[in-house]
Amino acid sequence: MGKAIPPLAVLAACLAAAPGAQAQSYPSKPIKLVVGFTPGGAADFTGRVAAEALSKVLGQSIIIENKPGAGSSIAAEFVAKAPPDGYTILIASPSSMSVNPAMNPKKNYGVNTLVPITRISNSPLILTANPALGINSLKDLVAAARKSPGKLNYSTSGNGSAPHLGAVYLKQATGIDIQHVPYKGGAQAVQAVIAGDVELTFATPPSVLPFIKANRLKGLAVSTPARSAFAPDIPGMTESGYPGFNMNFWYGFFAPAGTPPEVVNRLFEATSAALQKPEVKTMLAREATEVALSRSPADFEQFLKEDARFWEKLVKDSGITAD
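Mind the numbering: the sequence shown is residues -23 to -1, 1 to 300 in mature numbering (1 follows the signal peptide of the UniProt record, and there is no 0), read in order.
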């Protein structure tokens, strides 16, 4: 007869095997992907495309939940407080991960409360105007703004959003004074310009390109030195007269701190496989967004540290504060 195994030994063995077992069984139910902006904007579009592709790889549904407001910090705080089991994840941008924490260090999220999974996309921002304004280039805008300081206004997806900081960066580079009108999401910010309630917007490509193509908005410049292959008819910053201006806008996936590394790696591997599919790249490319995957969660974490330095300096130099 064999010796009885002490109960504590059995418990220890079960605990040791638990992480591996969890990773093998994950996911066993639908996953919630939280978006910090309203439906119809770039975050929502990118999140839905990525979620559909990811669900096919994981074999589980991914449910989109929009939690707009406060420059996406509401969504980030919600996910930071969620159970760290891999069933609630966040699609985030510089707005929530770098800008908002720099504006308000007391925010209850950040590197200690959210775990990076992978960057998923990259795109420029696009400066656009209502066609009735009669401004057809960045040069025209600078001339009009200098002639009447503080008269022109621009909309963004919220105070502290990356488009807001992009506009602040543009104001610093050009020396112009234009007034900020924040909205809860990119879709509303763009519609305000189309309706004539606001004159300009600095926004992500999915939010504005369809309206530029339909001549309901006028594209003035993209936020990168050269023209974007996705929007070849819109000048870059170098030919617009500001060669030192360069700003790219990214999205990435995050999980609550404490999520098991095995689950984070499973999400990383599945996302990498999903977004490298040609049909997914084509769908994102139609909205001037390129797939930009990290090499690993650790690689994404290092990228975030470097990216944060740029945004933190911009926040400090501009004096922007939270609402």
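Backbone N, C-alpha and C define an ideal beta-carbon position, used for all residues, glycine too. Keep in mind that this is a model prediction, so the values were computed, not measured.
State buried or exposed for GLU256, treating a residue as buried only when at least 16 other CB atoms are found within 10 Å of its CB. Against the sequence shown, residue 256 aligns to sequence position 279. Flag for GLU256 reads exposed.
In the DSSP assignment, find the beta strand (DSSP E) that holds VAL12 and state where it starts and stops. Within the sequence shown, the letter at position 35 stands for residue 12. Element bounds for VAL12: 8 to 12.
Using 8 Å as the cut-off, can you tell me whether the stretch 162 to 181 makes contact with the stretch 137 to 146, which would need three or more C-beta pairs spanning the two stretches below that distance? yes
Closer than 8 Å is the cut-off here; do at least three beta carbon pairs connect the stretch 177 to 189 with the stretch 101 to 109? yes
Between which two residues does the beta strand (DSSP E) containing ALA198 stretch? Residue 198 sits at position 221 when you count from the first residue of the sequence shown. Run containing ALA198: 195 to 199, per the beta strand (DSSP E) assignment.
Report yes if the C-beta distance between VAL240 and SER98 is below 8 Å; otherwise report no. Start at 1 with the first residue of the sequence shown, and residue 240 comes out as number 263. Start at 1 with the first residue of the sequence shown, and residue 98 comes out as number 121. Not a contact, by the Cβ cut-off of 8 Å.
In whole angstroms, what separates the C-alpha of GLY152 from that of ALA121? One-based indexing of the sequence shown puts residue 152 at position 175. One-based indexing of the sequence shown puts residue 121 at position 144. So the two alpha carbons sit approximately 12 Å from each other.
For THR298, which residues from the same chain have a beta carbon less than 7 Å from its beta carbon, with the 5 sequence-adjacent residues on both sides left out? Locating residue 298 in the sequence shown gives position 321, counting from the first residue. Correct list, in chain order: MET80.
Within the continuous alpha helix (DSSP H) that includes ILE171, where are the two ends? The count along the sequence shown starts at 1 and reaches residue 171 at position 194. ILE171 -> alpha helix (DSSP H) spans 163 to 171.
Using CA atoms only, rank isn't needed, just tell me which of ASN113, PHE230 and GLN37 is closest to THR23. If you number the sequence shown from 1, residue 23 lands on position 46. Of the candidates ASN113, PHE230 and GLN37, the one whose C-alpha sits nearest the C-alpha of THR23 is PHE230.
Take LEU110 and list the residues in its own chain whose beta-carbon comes closer than 6 Å to its own, dropping the five residues that flank it on each side. For the purposes of this step, residue 110 is taken as residue 133 along the sequence shown, with counting starting at 1. Counting only Cβ-Cβ distances below 6 Å, and skipping sequence neighbours, we find GLU176.
Among the candidates ILE68, LEU129, GLY63 and SER2, whose CA atom is the shortest distance from the CA of ALA28? Start at 1 with the first residue of the sequence shown, and residue 28 comes out as number 51. The shortest Cα separation from ALA28 among ILE68, LEU129, GLY63 and SER2 belongs to ILE68.
I believe LEU244 touches ILE66 by the beta-carbon criterion, under 8 Å. Please report the beta-carbon distance rounded to the nearest angstrom. Position 267 of the sequence shown, counted from the first residue, corresponds to residue 244. Position 89 of the sequence shown, counted from the first residue, corresponds to residue 66. Indeed, because the Cβ distance is near 7 Å, the residues count as touching under 8 Å.
If we ignore side chains and look at the alpha-carbon of each, how far apart do LEU194 and LEU118 end up? In the sequence shown, the residue the question calls residue 194 occupies position 217. In the sequence shown, the residue the question calls residue 118 occupies position 141. Spanning the two alpha carbons is a distance of roughly 14 Å.
What are the uninterrupted segments assigned as alpha helix (DSSP H) that are 4 or more residues long and contained completely in the stretch 37 to 92, given in chain order? 50 to 57 and 77 to 80
When you compare the CB positions of PHE226 and LEU115, do they come within less than 8 Å of one another, or not? Residue numbering aside, residue 226 sits at position 249 when the sequence shown is read from its first letter. Residue numbering aside, residue 115 sits at position 138 when the sequence shown is read from its first letter. With respect to LEU115, PHE226 sits apart: the two C-beta atoms are not nearer than 8 Å.
I need the boundaries of the alpha helix (DSSP H) containing PHE245, first residue and last residue. Within the sequence shown, residue 245 is the residue found at index 268, counting from 1. Note, PHE245: alpha helix (DSSP H), 238 to 252.
ALA232, enclosing beta strand (DSSP E) - first and last residue: To locate residue 232, count along the sequence shown from 1; it is residue 255. From DSSP, the beta strand (DSSP E) with ALA232 extends over 225 to 233.
Residues near LYS44 in its chain [Cβ-Cβ closer than 8 Å; skip 5 each side]: For the purposes of this step, residue 44 is taken as the residue at position 67 of the sequence shown. Closer than 8 Å at Cβ, skipping near neighbours: VAL11, VAL12, GLY13, ILE51, ALA52 and PHE55.
Assuming PRO233 and MET214 form a contact by the criterion Cβ under 8 Å, report the distance between their Cβ atoms to the nearest whole angstrom. As a position in the sequence shown, residue 233 is number 256, starting the count at 1. As a position in the sequence shown, residue 214 is number 237, starting the count at 1. Not a contact, Cβ separation roughly 38 Å.
Integer Cβ distance of PRO4 from LEU35, believed to fall under 8 Å: Within the sequence shown, numbered from 1, the residue matching residue 4 stands at position 27. Within the sequence shown, numbered from 1, the residue matching residue 35 stands at position 58. Yes, PRO4 and LEU35 are in contact; Cβ-Cβ is about 6 Å, under 8 Å.
Residues bridged to ARG96 by DSSP? The residue you call residue 96 lines up with position 119 of the sequence shown. In DSSP, ARG96 forms a bridge with GLY229.
Give me the Cβ distance between PRO159 and GLY135, rounded to the nearest whole Å; I'm assuming they're in contact under 8 Å. Stepping through the sequence shown from its first residue, residue 159 is reached at position 182. Stepping through the sequence shown from its first residue, residue 135 is reached at position 158. At roughly 5 Å, the Cβ-Cβ gap stays under 8 Å, so PRO159 and GLY135 are in contact.
Is it right to say THR259 is buried, meaning 16 or more other beta carbons lie within 10 angstroms of its own, or is it exposed? Walking along the sequence shown from the start, residue 259 turns up at place 282. Label assigned to THR259: exposed.
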